[in-house]
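I have placed the structure first, in the form of structure tokens, so that the comments after it can refer back to it.
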Amino acid sequence: MRRLVGAVALMTMILGTAACGRDDIAGQVKETDTVTVTETAAPTARQETPNTRADELCKARGRTEGDQACVLTGGTIDHDVAFDGQRVVKLVNVTVTGSAKIIASGPVTVVGSTVGGTLSIRSENTVTVRATTVRGSLEISSARTATLTRATVRGTLDCDAVDRATGGGNAIAGQTTGVCADIA
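In case it helps, mature numbering (1 follows the signal peptide of the UniProt record, and there is no 0) puts the sequence shown at residues -18 to -1, 1 to 166.
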């Protein structure tokens, strides 16, 4: 109600000022005329998704090997992150406070890193996880080869549709499924 009264007062002042300088519209506006005020919402801040977060990190800090590769070395990624659409993804000495999802058509390498949640990797090529701690589960799917060496996984280790798994020195707290059961 206050906005309507304020808008009416403002329009009356504007029209009154305009009418003072122009005789041709004098008398056309009556006190009973209704003024309609349309409010528009302020634009909301762009919501950052795990995928846009990864894209921005790759552009800002990732050494790229062509347009479809992202190599991140060192640093912390707050929240969840999802690398989707890269051909090659390498995370070296990176800490992710949330979960990390990597979908790549080429090789994926995670070395000396820590993931606070689940690490999910889908690659049509090779997956290498070495000297990395995963506080959730480690899920590897659709890879030709998975190599796990000195990995610590506090949840389950699941290898689904992985052709071959190699490695050793791993500490898996939860259940191990698929071909990765041989290297736990």
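Don't be surprised by glycine CBs; every beta carbon is placed ideally from N, CA and C.
Beta strand (DSSP E) containing residue i: first to last residue?
i: G149; result: 146 to 150
i: I165; result: Per DSSP, I165 belongs to no beta strand (DSSP E) and is neither H nor E.
i: A128; result: 127 to 131
i: E121; result: 120 to 123
Assign residue i to buried or exposed, taking buried as 16 or more other Cβ atoms, counted over all protein chains shown, within 10 Å of its Cβ.
i: E106; result: exposed
i: T114; result: buried
i: T110; result: buried
i: R104; result: buried
i: A155; result: exposed
i: Q157; result: exposed
i: A153; result: exposed
i: T31; result: exposed
i: G98; result: buried
i: K83; result: buried
i: D140; result: buried
Among the options, whose alpha-carbon lies nearest the alpha-carbon of residue i?
i: D37; options: V71, A163, G57; result: V71
i: A133; options: I165, A143, D66; result: I165
i: V76; options: C52, S87, A147; result: C52
i: G150; options: V144, A86, C162, D142; result: C162
Short check: CB of residue i to CB of residue j, under 9 Å?
i: R136; j: R117; result: yes
i: V90; j: I59; result: no
i: R43; j: G57; result: yes
i: G88; j: V63; result: no
i: S119; j: L101; result: yes
Next on the checklist: Which complete beta strand (DSSP E) runs does the stretch 23 to 103 hold, if anything under 3 residues is left out?
Outcome noted: With a minimum length of 3 residues, the continuous beta strand (DSSP E) runs that stay inside the stretch 23 to 103 are 51 to 55, 63 to 68, 70 to 74, 82 to 86, 90 to 93.
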